[in-house]
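Q: When the letters of the sequence shown are read in order and numbered with the numbering used here, they come out as residues -7 to 109.
Built from N, CA and C at the ideal position, the CB exists for glycine as well.
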Amino acid sequence: MDATALAAIISALAGGAAGEAGKSAWNSLTALVRRRFGDDSAELERRPPDEAAAGLVWRAGADPEFGEALAEWMRDASALVQQRRDVTNTISGDARVTGPVIQAGDIHGSINLGGPH
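1) Please report the distance separating the alpha-carbon of Ala46 from that of Asp98.
2) Would you report the Cα separation of Leu105 and Pro92, rounded to the nearest angstrom?
3) Determine the direct distance from the alpha carbon of Arg51 to that of Gly58, and round the result to whole angstroms.
4) May I have the straight-line CA-CA distance separating Arg26 from Ala10, to the nearest angstrom?
5) Have a look at Ile1, Ala61 and Ser70 and flag the residue whose alpha-carbon is nearest the alpha-carbon of Arg28.
6) So, for Gln74: in the same chain, excluding its five sequence neighbours on each side, which residues have a beta-carbon less than 6 Å away from its beta-carbon?
7) So the alpha helix (DSSP H) Gly7 belongs to, where does it begin and stop?
8) Are the CB atoms of Leu24 and Trp65 within a distance shorter than 8 Å?
9) Give the DSSP-derived three-state secondary structure of Val25 in the structure shown.
10) Alpha carbon to alpha carbon, how far is Ala63 from Ala17? Give it in angstroms, no decimals.
11) Give me the residue from Gly101, Ile94, Ile83 and Ala69 with the minimum Cα distance to Arg(-1).
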């Protein structure tokens, strides 16, 4: 199981990816952890995604039944996150563009098009 891929999914869902479906996927993960390990599900919320993922992968290695359930959750959540990343940006009609245009999906951080004019 890939901790980096799991961290990316956790991060995307924590950031609101996939809207209500993403919330449902997150709740499903916390329920899976809670069923298997009790109150340790709160650790998912407190830890950064990479640390949470590393802990889950470690537990999956120690508990094959949990590992299978987590792998199934990852497949479903990954498909959900990827499905919701498709972005279509369009400039059309009578649009008059006189400067730079940026069309993108999720942007994390700043965009700099150069210094002041």
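A: In short, the structure shows the following:
1) 25 Å
2) 8 Å
3) Going by the sequence as given, residue 58 is Phe instead of Gly. Approximately 8 Å between the Cα atoms of the pair.
4) 23 Å
5) Cα-wise, what sits closest to Arg28 is Ala61.
6) Closer than 6 Å at the Cβ level, and outside the excluded window around Gln74, lies no residue.
7) First-last for Gly7: undefined, no H or E at that position.
8) yes
9) If DSSP states are grouped into helix, strand and coil, Val25 belongs with the helices.
10) 13 Å
11) Rather than Arg, the amino acid found at residue -1 in this sequence is Ala. For Ala(-1), the nearest C-alpha among the options comes from Ala69.
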